[in-house]
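Basically the working numbering = 1-based index in the sequence shown + 29.
Think of the CB as a built atom: it goes at the ideal place given N, C-alpha and C, for glycine as much as any other residue.
Note that the structure is a prediction, hence the values are computed from the model and not measured.
Data first, discussion second: the structure below is written as C-alpha cells.
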Amino acid sequence: MRLREALQAPRMESNFSAMLHAPTVLPARWSECLIKFIEYRAKTEYHREQLQPIPRGQTNVSSWSFVKIPSAACDTERDNERKIYGCTGVAMQEADLGHPNPRRFEDASNRCASTSTSNGVINLNADSDGEWLTYEKLTEIAFFRSRTKSRANVALRNNQSKSADIVRRQSVKLTKSIVSTGEAQPIIFDERADGDKATRDVSPLPIRESLFPYVPPYVLFQRHDHTPKTPPEDFAQLLKWRFTTSMPRILMKILINTGYQIVNKGTDWSGVWNLSCKDTAKYRSMKNFQKVNNMPGSQNIGNKDLLWTHLSGMSRKFVQQYNFMPRTYVLPKEMQKFEGMWNRHGMGTTWIIKPPSAGRGQGIKIVNQWWEIPKWHSVIIQRYISRPKLINGLKFDLRIYVLLTSINPMRIYVYKEGLVRFASVRYVRGANLGDKYMHLTNSSVNRQNPAYIMNDGVNSFKGHKWSFASLWSYLRQENVDVTDLWCQIKDIIVKTFISVESSMNAAISENLVSSYTCYELYGFDVLLDEDLRPWLLEVNVLPSLRTDSPLDTTIKGALMKDVLNMAGYQIPKNEQISGNGACNKKYDTIGHNYRLYSTALNLREKMKQNEMNAMETRDEYLDGILRNLTRDDLRQLIRHEDELSQADNFEILFPTSSSYLYFKFFEMERYYDRLLDAWEHRYSDNKTKGIRRLQRHCETMEHLDENFN
30 MRLREALQAP RMESNFSAML HAPTVLPARW SECLIKFIEY RAKTEYHREQ LQPIPRGQTN
90 VSSWSFVKIP SAACDTERDN ERKIYGCTGV AMQEADLGHP NPRRFEDASN RCASTSTSNG
150 VINLNADSDG EWLTYEKLTE IAFFRSRTKS RANVALRNNQ SKSADIVRRQ SVKLTKSIVS
210 TGEAQPIIFD ERADGDKATR DVSPLPIRES LFPYVPPYVL FQRHDHTPKT PPEDFAQLLK
270 WRFTTSMPRI LMKILINTGY QIVNKGTDWS GVWNLSCKDT AKYRSMKNFQ KVNNMPGSQN
330 IGNKDLLWTH LSGMSRKFVQ QYNFMPRTYV LPKEMQKFEG MWNRHGMGTT WIIKPPSAGR
390 GQGIKIVNQW WEIPKWHSVI IQRYISRPKL INGLKFDLRI YVLLTSINPM RIYVYKEGLV
450 RFASVRYVRG ANLGDKYMHL TNSSVNRQNP AYIMNDGVNS FKGHKWSFAS LWSYLRQENV
510 DVTDLWCQIK DIIVKTFISV ESSMNAAISE NLVSSYTCYE LYGFDVLLDE DLRPWLLEVN
570 VLPSLRTDSP LDTTIKGALM KDVLNMAGYQ IPKNEQISGN GACNKKYDTI GHNYRLYSTA
630 LNLREKMKQN EMNAMETRDE YLDGILRNLT RDDLRQLIRH EDELSQADNF EILFPTSSSY
690 LYFKFFEMER YYDRLLDAWE HRYSDNKTKG IRRLQRHCET MEHLDENFN
C-alpha cells in the first residue's frame, strides 16, 4: 500500500503524491501540510514511524532536521527509492517513506518526545548506546497540536460552569482554601487507579493530595506503560521538564504519560534529570520550585577513591563493623604503602584495577603481576574476590537501587526489586584474567558477547540477567536464609551513607537554601562470595536506566515512577514563573509553597534545637523533643510522612524505630535525626495516630505561620 493510500485524507494526497514522485526542495507552504500529516497520524493512533540511529561522527547532525524512517513496510522496491531532500528550505535527512503498521499512540510518543529543540540532537538513551535522534520543529508542533486538541481540553472549556461546584469542592479538599472565583478548579487523578481514572466532565490534573491540609498537592507520575494523560492546556504550561542529552528513555515515557512538556530553553522548568552540577554555583542559581536529581557532595560516595577514603577512615574506628569493602589502595597516592603490602603478601594474589570515576566497565583490568600495575596513573586497585558465589558456573553481582531524599535528616530507601547481573562465560578461578566476559558482571560489557542471552521475564531463571525475585527463589531452594542476607545488605547501605554524611551535609548546607531542591538515586553493586558474605564493590551516582529487555523495562519503569512520586514534585505558582499570563492564577491555590522547605529558623526553633542537641542520652530527648513541636518540626514530619505514603516498592532504611542503633557511627548526632527517631519510636506502630496529630496542627496552619512559636 502506498503512503498516499494510507493517509485517507484527500486534501493531503496530492501534496504527498508530489513528494513521493520527485526529490525536491519543498515550498514553505508545504510545511503546514507536513505538520497536518504528522498530526493526523498521531490523532488516529496510527503513527508508527520508528526513528533510526544516526551513528556519531557520521555527519554534523545539527544540520539535519529529520532522521531516517524505516522502509521495511513498503510494498515495492520502487517506494524505497523515493526520498525527500528538503522541507521549508532546511536540509532534511534522506527518508524512506513506507506504510506504517498500526501501533498505539503512546508508543510513538515515547520516541517523538516533545522538546523545544530545533535542529538539536536528542539522545533518549542514558547509557550512550549510540541512538542519537534529531527532531525538527515541525514534528514538535504537530505532536503538541495533536495532544492539545484532545476532547479532554474541549470538555474543560465547555463545562466550566457545569463543573464549577464539583471542582471548587475538590480544591478546598486539597488546600482547605476558599475559592472565590467561578472558574473551573483542579480535579486530581484517582490515586487508587494510579492516575488512570478521572472525575467525569472535567479534564483531570496529574496531582495527588498531601496527607495534610494546607500542604500543596504533588504531581502524580504515571506508569511508563499507561495511556498518556492530556491535562488542560493552561495547566500543561506549568508542567515543564528540562531536556538533557542523556535523559533515560523510560523517564521520557513517564513524563509524557503524565503530561509534561520537555523543553531545553527558558527557566520555567520544574524538573531535570542528570544535570551536570559539578559547578556548585548552579545549585544556588536554581529557583525555589525547581528540583534536580543530584545532591551536592555526591562525589564522596560515587568516586571510588573518595568512597574508600571515607570507609577506610570508619574502619579504623569501627574495625568489625566497617569491613564490608575489599581492601583498596588509591594510586599513585598510596603506592608506597601498596608496594610494601605486595612484597609481604601480594605475590600470587589477584587484584582489580579501576579508574576512580569511570563506569560501565570502562578501564577495568584484572592483574596478578607487579609489572601490570600502573605506577603513575590515577586508579584504585582493589583486592579481587577470587571465590565468588556461582550460579550455573557463572559469577554474578547485585545492582541495588537506593534513594536518598535528604541528608539532614537522613532519609534512605532501598528498592525491593533489582537486577542480578551475570558474567557470560563460566568462571574458572585464576584463569584467563584478561577475559572480561568471565570476570566482569557489567551488562554493558557482557552484552557485547555473542553468547549473551536476554531475560524476558521477572520470574524467569534464564538469561544473563535476573530479578531479585528469581535470585531469592533460587537461593531458598538451596536453604539460604534470604531474609538475613537482605538485612546484611541493608546494613551495608546505611553504614556507607553514614561514612559520607558529614562531607555531604557540609556541601549541601553551603549550596542549598531549600530542602526541596535535591534527591538522588544510587546504584549499589554488591558481590556475594562463596560463603554468601556480601561485599560492597562500588556505588554509582548515575545508575544505568537502559531498558533493552522486558526485564529491564518492567523493573526500571516501576522504579522510576516510584522515585519521582517519592521525590515530591509540585507545580509552580503563576508568580514564580514568567510568560504564562493570569490564566494560570487559578492553580495558585495548589502551587508550590517555598516556605515549607525553607532552612531558615526563628529564635524559638534555634533554642529548642540547641537544647535537644545538648542532651547526651536518648532517653533524655525521646519525650521532650516531641512535646512542643515547632513550625520547623512540623515541616520535617510532614515531609517524612508524605514521602512514606508513596514508598510503594521502596523500603525505608533510615529513619526507623531502631535506627538509633546507628547513631554511634555518626560524627555527630543531628537534631533532625533525633526528631525522626523519637517520632518513629512513638508512632511506628500506630501511624494513623501520628498523622492525625500532625493534621490537627496543619488545620490551624501552624506549619505556615511565620509567627508561630
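To the nearest whole angstrom, what separates the beta carbons of residue i and residue j, a pair I think is in contact under 8 angstroms?
{"i": "P235", "j": "V248", "result": "6 angstroms"}
{"i": "F679", "j": "M595", "result": "7 angstroms"}
{"i": "D254", "j": "G586", "result": "7 angstroms"}
{"i": "I429", "j": "I518", "result": "7 angstroms"}
Using only the alpha-carbon positions, how far apart do residue i and residue j sit?
{"i": "Q506", "j": "M370", "result": "41 angstroms"}
{"i": "T755", "j": "E670", "result": "In the structure displayed, the chain extends from 30 to 738; residue 755 sits before or after that span and is not available."}
{"i": "S91", "j": "T274", "result": "With a pLDDT of only 33 at S91, under the threshold of 50, the placement of this residue in the model should not be trusted, and no figure is reported."}
{"i": "I279", "j": "L427", "result": "21 angstroms"}
{"i": "G719", "j": "M315", "result": "34 angstroms"}
{"i": "R721", "j": "F241", "result": "9 angstroms"}
{"i": "V509", "j": "Q290", "result": "48 angstroms"}
{"i": "E539", "j": "S532", "result": "11 angstroms"}
{"i": "L268", "j": "L574", "result": "23 angstroms"}
{"i": "G295", "j": "N534", "result": "30 angstroms"}
{"i": "L632", "j": "A536", "result": "25 angstroms"}
{"i": "N488", "j": "S415", "result": "29 angstroms"}
{"i": "R140", "j": "N329", "result": "Confidence in R140 is poor, its pLDDT being 36 and thus under 50, which makes the residue's placement too unreliable to answer from."}
{"i": "P572", "j": "A460", "result": "30 angstroms"}
{"i": "H726", "j": "L690", "result": "30 angstroms"}
{"i": "M276", "j": "A498", "result": "28 angstroms"}
{"i": "M354", "j": "N657", "result": "43 angstroms"}
{"i": "N421", "j": "Y503", "result": "11 angstroms"}
{"i": "E731", "j": "E238", "result": "19 angstroms"}
{"i": "E649", "j": "S688", "result": "17 angstroms"}
{"i": "K320", "j": "V431", "result": "18 angstroms"}
{"i": "K637", "j": "W405", "result": "53 angstroms"}
{"i": "D464", "j": "P417", "result": "16 angstroms"}
{"i": "S674", "j": "D591", "result": "11 angstroms"}
{"i": "Q391", "j": "N478", "result": "16 angstroms"}
Quick one, are the C-beta atoms of residue i and residue j less than 8 angstroms apart?
{"i": "I393", "j": "Y413", "result": "no"}
{"i": "P584", "j": "L419", "result": "Note on residue identity: the sequence assigns Ile, not Pro, to residue 584. Taking 8 angstroms as the Cβ cut-off, I584 and L419 do not qualify as a contacting pair."}
{"i": "M324", "j": "D702", "result": "no"}
{"i": "P601", "j": "F318", "result": "yes"}
{"i": "E559", "j": "F695", "result": "no"}
{"i": "T287", "j": "E672", "result": "no"}
{"i": "T357", "j": "I402", "result": "no"}
{"i": "I285", "j": "P257", "result": "yes"}
{"i": "D581", "j": "L630", "result": "no"}
{"i": "I654", "j": "L723", "result": "no"}
{"i": "V511", "j": "W495", "result": "no"}
{"i": "S327", "j": "V570", "result": "yes"}
{"i": "V292", "j": "F272", "result": "yes"}
{"i": "T646", "j": "S543", "result": "no"}
{"i": "Y312", "j": "L541", "result": "yes"}
For residue i, which of helix, strand or coil comes out of DSSP?
{"i": "R440", "result": "strand"}
{"i": "K718", "result": "helix"}
{"i": "S344", "result": "helix"}
{"i": "V555", "result": "strand"}
{"i": "G653", "result": "helix"}
{"i": "T357", "result": "strand"}
{"i": "L561", "result": "coil"}
{"i": "N569", "result": "strand"}
{"i": "T259", "result": "coil"}
{"i": "E549", "result": "strand"}
{"i": "V592", "result": "helix"}
{"i": "L335", "result": "helix"}
{"i": "L574", "result": "coil"}
{"i": "G369", "result": "helix"}
{"i": "D581", "result": "helix"}
{"i": "V529", "result": "helix"}
{"i": "R33", "result": "Reliability of the predicted coordinates at R33 is poor, the pLDDT of 39 falling under 50, and no value is obtained from them."}
{"i": "S415", "result": "coil"}
{"i": "R633", "result": "helix"}
{"i": "Q214", "result": "For Q214, the predicted structure reports a pLDDT of 42, less than 50, and the residue's modelled location is therefore unreliable. The matter cannot be settled from this model."}
{"i": "G586", "result": "helix"}
Item to check | Meets three-Cβ-pair contact criterion under 8 angstroms: the segment 380–387 and the segment 524–536 | outcome: no
Next on the checklist: Count Cβ pairs between the segment 443–457 and the segment 471–486 that sit closer than 8 angstroms; are there 3 or more?
Outcome noted: yes
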